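For the sequence shown, position 386 (counting from the first letter as 1) is numbered 396 according to our numbering, and the numbering increases by one without interruption.
Ideal Cβ placement from N, Cα and C applies to all residues, glycine included.
Predicted model only: the values in this text are computed from it and were never measured.
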Amino acid sequence: MLRVALTLLALAATTVHAGPYIPPGDLALRHDIQRLADQGVIKGTVTTWPLAWGPILYDLENADATSLPPPAVDALARVKQRANWETRTGELTFNAKVGFADNATRIRSYQNTPRGRAEVSAGLSWIGERLSADLNVQYVDSAQDTDEVRIDDSMIGIAVGNWSIAASTMQRWWGPGWGGSLILSNNARPFPSLTIDRMFTDGFETRWLSWLGPWDLSVMFGQLEEERVVPNARFFGMRFNFRPIPSLEIGLSRAAQWCGDRRPCDADTFLDLLIGRDNLSTSGVTSKEPGNQLAGVDFRWTPRRFAQSIGLYGQLIGEDEAGGLPSRYIGQLGLEWSGYLADRWSIQAFAEFSGTSAQFYESGRIFNFAYNHGIYRTGYRFKGRPIGHGADNDAQIISAGLSLVDADDIQWRALLRFGDLNEGGGPDERNTLTPTPQDIFSIDLSHSRAFWFGVLDFGVGYESIDDNVSETSFDESRVFLQWRSAY
Numbered sequence: 011m012l013r014v015a016l017t018l019l020a021l022a023a024t025t026v027h028a029g030p031y032i033p034p035g036d037l038a039l040r041h042d043i044q045r046l047a048d049q050g051v052i053k054g055t056v057t058t059w060p061l062a063w064g065p066i067l068y069d070l071e072n073a074d075a076t077s078l079p080p081p082a083v084d085a086l087a088r089v090k091q092r093a094n095w096e097t098r099t100g101e102l103t104f105n106a107k108v109g110f111a112d113n114a115t116r117i118r119s120y121q122n123t124p125r126g127r128a129e130v131s132a133g134l135s136w137i138g139e140r141l142s143a144d145l146n147v148q149y150v151d152s153a154q155d156t157d158e159v160r161i162d163d164s165m166i167g168i169a170v171g172n173w174s175i176a177a178s179t180m181q182r183w184w185g186p187g188w189g190g191s192l193i194l195s196n197n198a199r200p201f202p203s204l205t206i207d208r209m210f211t212d213g214f215e216t217r218w219l220s221w222l223g224p225w226d227l228s229v230m231f232g233q234l235e236e237e238r239v240v241p242n243a244r245f246f247g248m249r250f251n252f253r254p255i256p257s258l259e260i261g262l263s264r265a266a267q268w269c270g271d272r273r274p275c276d277a278d279t280f281l282d283l284l285i286g287r288d289n290l291s292t293s294g295v296t297s298k299e300p301g302n303q304l305a306g307v308d309f310r311w312t313p314r315r316f317a318q319s320i321g322l323y324g325q326l327i328g329e330d331e332a333g334g335l336p337s338r339y340i341g342q343l344g345l346e347w348s349g350y351l352a353d354r355w356s357i358q359a360f361a362e363f364s365g366t367s368a369q370f371y372e373s374g375r376i377f378n379f380a381y382n383h384g385i386y387r388t389g390y391r392f393k394g395r396p397i398g399h400g401a402d403n404d405a406q407i408i409s410a411g412l413s414l415v416d417a418d419d420i421q422w423r424a425l426l427r428f429g430d431l432n433e434g435g436g437p438d439e440r441n442t443l444t445p446t447p448q449d450i451f452s453i454d455l456s457h458s459r460a461f462w463f464g465v466l467d468f469g470v471g472y473e474s475i476d477d478n479v480s481e482t483s484f485d486e487s488r489v490f491l492q493w494r495s496a497y
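In structure tokens form, the structure reads like this:
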């Protein structure tokens with residue numbers, strides 16, 4: 011009965027952000043949820059965002075705080091407080107956000123920061139037993155994107171059994187990375203999509219599949235912009251992730267650009283795309299090619315079952331197909347650590363390497379290949395930003411991050427990045443950061459705290475660039491200030 015009640019609560023909840031779902035972008039909330047998953051409090055999968063509140067609420071209500079170490083107790087209290095706020099029922103809820111940025115960050119990490127020079131957002135949410143609506147409107151002044159008025163982070167959905175079907179412009183993040191995701195991240199703006207998401211992640215009861223443990227499935231059919239080499243191309247994405255043992259989560263992801271003006275859009279083409287029948291033309295005739303596909307696997311492993319402090323994670327995404335399987339991989343590997351400072355601060359730190367050249371692990375890396383395509387020449391991008399990792403193609407980037415959160419949700423964050431951008435050069439005009447090879451060093455510091463009038467988020471950053479072709483160097487500073495209504 012408790013599970014049934016909490017399911018209804020999740021479907022009937024009204025929140026200021028995304029109804030019964032937790033969108034990506036809140037670094038501290040994700041860290042708390044991940045810590046509780048590592049401790050065995052949260053049983054389901056936690057690397058496919060947005061997350062459904064329903065299963066998390068169920069696990070929180072059944073948690074035994076007396077058996078948890080102090081950092082997990084603090085995390086449990088913070089997530090419960092957030093859940094109580096975001097699962098209010100029986101009312102129409104309003105939200106607002108205002109942000110300003112001087113030189114908005116070019117390579118976005120998991121943390122949400124303003125996308126333009128100025129950003130004003132307002133929205134309202136309503137959720138009934140089956141139908142949910144979260145409508146948000148933004149005005150954004152951005153030098154990169156000419157869409158000043160947007161409806162990003164909106165959703166109208168209906169619950170059918172244990173599934174949510176929605177028309178959505180919500181941000182998504184697939185994978186365990188913190189500095190970026192190679193296949194789907196919040197680096198690019200979200201594009202309008204029809205989404206199908208599983209809510210509760212209970213495992214199969216049959217003994218043939220029960221070994222998978224808790225599992226989740228997310229499917230999306232998206233529409234890309236008109237201003238492309240192939241206008242109005244469509245996007246297909248699918249992710250299946252599972253926890254065969256409590257210390258290990260595995261994700262399988264697929265994404266593809268297909269259809270569009272003057273391209274085949276019939277059911278046979280989609281079937282070829284779905285089963286991986288790619289590279290159909292050997293004579294240079296491209297009319298039968300189903301699309302631009304990416305697919306791969308990711309994992310996150312915590313070596314110890316209890317009192318975990320270390321997590322190892324990685325992601326491999328194939329940028330081509332060979333024999334029906336992904337090939338020519340780009341990759342990511344990361345190490346995560348969590349701890350407790352002065353009996354007050356919950357600490358999370360990570361170090362992450364990302365290589366976005368095909369066959370990144372070889373000395374003979376393949377340049378000007380990843381995130382590019384011979385037919386869909388705009389590439390794996392939307393509105394001028396990569397849909398995958400923010401460093402775009404042919405980068406080797408090391409990211410290191412640190413976040414501190416206290417019991418009152420006061421936050422301090424730091425992010426360091428250095429490495430090589432667009433090593434292939436060429437020049438490659440499709441690369442959204444630089445057409446020529448560059449060395450990058452950047453550091454960002456930010457602080458957030460809640461007041462009675464809302465939450466203030468402030469950050470400063472510095473970036474230094476060395477261009478390897480012109481042999482010139484330049485640097486720039488950045489700053490942002492953001493206010494949002496209380497969560």
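- Boundaries of the beta strand (DSSP E) harbouring Phe468: Gly464 to Asp477, taken from the DSSP string.
- The continuous alpha helix (DSSP H) containing Tyr68 extends over residues Trp63 to Glu71.
- Taking the Cα positions, Thr97 is about 7 Å away from Pro30.
- When the alpha-carbon of Glu299 is set against those of Gly306, Ala305 and Leu283, the nearest one is in Leu283.
- According to the DSSP assignment, Glu331 belongs to no alpha helix (DSSP H) but to the beta strand (DSSP E) extending over Ile320 to Ala332.
- DSSP, reduced to helix, strand and coil, places Glu96 within a helical segment of the structure shown.
- In this structure, Gly286 places its C-beta atom within 7 Å of the C-beta atom of Glu331.
- Taking the C-beta atoms as reference points, Thr444 is found nearer than 7 Å to Asn432.
- Per DSSP, His399 lies in no alpha helix (DSSP H) segment and is marked neither H nor E.
- The C-alpha of Gly167 lies about 29 Å from the C-alpha of Gly126.
- A distance below 6 Å between beta-carbons, with the five flanking residues on each side excluded, links Val229 to the following residues of its chain, in chain order: Ile206 and Met248.
- Using a Cβ-Cβ distance cut-off of 8 Å, the region 301-313 and the region 418-431 are not in contact, since fewer than three pairs of beta carbons, one from each stretch, lie closer than that value.
- Secondary structure note for Gln492: its beta strand (DSSP E) is the uninterrupted segment Thr482 to Arg494.
- With contacts defined as CB atoms closer than 7 Å, Leu466 and Trp422 fail to qualify as a contacting pair.
- The closest CA to that of Glu71, considering only Pro437, Val130, Arg314 and Ala87, is found on Ala87.
- Under DSSP, the beta-bridge partners assigned to Phe246 are Phe231 and Ala266.
- Going by C-alpha positions, Gly344 is about 39 Å away from Arg140.
- DSSP places His41 inside the alpha helix (DSSP H), whose first and last residues are Leu37 to Asp48.
- With a cutoff of 7 Å on beta-carbon distance, Asp278 and Asn242 are scored as not near each other.
- Where Leu414 is concerned, the enclosing beta strand (DSSP E) starts and stops at Gln406 to Val415.
- Taking Leu412 as the centre and dropping the five residues before and after it, the same chain places the C-beta of Ala359 and Ala424 closer than 6 Å to its C-beta, in chain order.
- DSSP places Thr103 inside the beta strand (DSSP E), whose first and last residues are Thr103 to Asp112.
- It is roughly 11 Å from the alpha-carbon of Glu486 to the alpha-carbon of Ile453.
- Between Gly50 and Pro256, the C-beta spacing is below 7 Å.
- In the three-state DSSP reduction, Gln91 falls in the helix class (H, G or I).
- When DSSP reads this structure, Tyr149 sits in a beta bridge with Val130 and Val159.
- Counting only runs of 3 or more residues that sit fully inside the region 149-228, the beta strand (DSSP E) segments are 165-170, 173-178 and 203-208, in chain order.
- Across the set Ile397, His457 and Ala460, the C-alpha of Ile397 shows the shortest separation from the C-alpha of Ser191.
- The DSSP-derived three-state label of Asp84 is helix.
- Taking 7 Å as the cut-off, the beta carbon of Pro186 is found no closer than this to the beta carbon of Gly223.
- Of the residues assessed, Asp69 falls on the buried side of the cut-off, its CB having 16 or more other CB atoms within 10 angstroms.
- For the pair Glu346 and Gly321, the CB atoms are nearer than the 7 Å cut-off.
- In the three-state reduction of the DSSP assignment, Leu431 falls in the strand class.
- DSSP, read as helix, strand or coil, puts Thr58 in strand.
- Between Ile340 and Ala380, the C-beta gap is smaller than 7 Å, which places the two residues in contact.
- Taking each of Phe245, Phe210, Phe463 and Thr211 in turn and checking the Cα distance to Ser203, the smallest one comes out for Phe245.
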